[in-house]
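Protein sequence lines, in the order shown, are assigned to chains A and B.
For this note's numbering, count along the first sequence from 1 and bump the result up by 54.
For this note's numbering, count along the second sequence from 1 and bump the result up by 54.
Data block below; observations after.
There are 2 protein chains.
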Amino acid sequence: MKKATFFHAGCPVCIQAEKSVADALDPAAFEVEHVHLGEDKGRIGEAEGAGVKSVPALVIDGAPFHINFGASLEDVKG
Amino acid sequence: MKKATFFHAGCPVCIQAEKSVADALDPAAFEVEHVHLGEDKGRIGEAEGAGVKSVPALVIDGAPFHINFGASLEDVKG
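Structure (structure tokens):
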């Protein structure tokens, strides 16, 4: 089982990406964790470490995939 | 079966998104078509009509999801 982490901030763009892309990943192949960085600011460093610059973003096998643009990570920190 | 269309232009960013995201969609739920817009310029209008501004992008249920940034659609046209 591969690990995928969906980082978001609850924004409309995030929710659309969550429903259409993150929730569309093959459940037989991926364990998808959803992390709301606005509510869980302690994990912002983990997202940054994986190369995430904005949300929504999926990190799959350690690589960041930014999906459209909801908010910059800097804005989520503020 | 839902339809998903992965628009790309063969660029390294496109190939990474294809392997990690487009190929990760649930095969039980999605029929994923891969369209290389550099080789199939006749479909650029279809991508534009769905709101695609850059590649790689996934169109799911008619909504565009840009994944990172490989090239603008304008560059693919050129």
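Ideal Cβ positions, reconstructed from N, Cα and C, are used throughout, including at glycine.
Keep in mind it's a predicted model, so treat the numbers as computed, not measured.
By the rule that beta-carbons nearer than 7 Å mark a contact, V75(A) touches chain B.
By DSSP's assignment, S74(B) forms no beta bridge with any residue. The DSSP-derived three-state label of A82(A) is coil. Within the model, the alpha-carbon separation for A101(A) versus F61(A) is close to 7 Å. Between A63(B) and V86(B), the C-beta gap is not smaller than 7 Å, which leaves the two residues out of contact.
A Cβ-Cβ separation of about 6 Å places S74(A) in contact with A117(B) under the 8 Å criterion.
Per the DSSP secondary-structure output, K131(A) pairs with nothing in a beta bridge. Sequence-distant Cβ neighbours of V67(B) in its own chain, meaning closer than 6 Å and more than five residues away, are N122, G124. According to DSSP, residue pairing for I114(B) in a beta bridge involves A58(B), A117(B).
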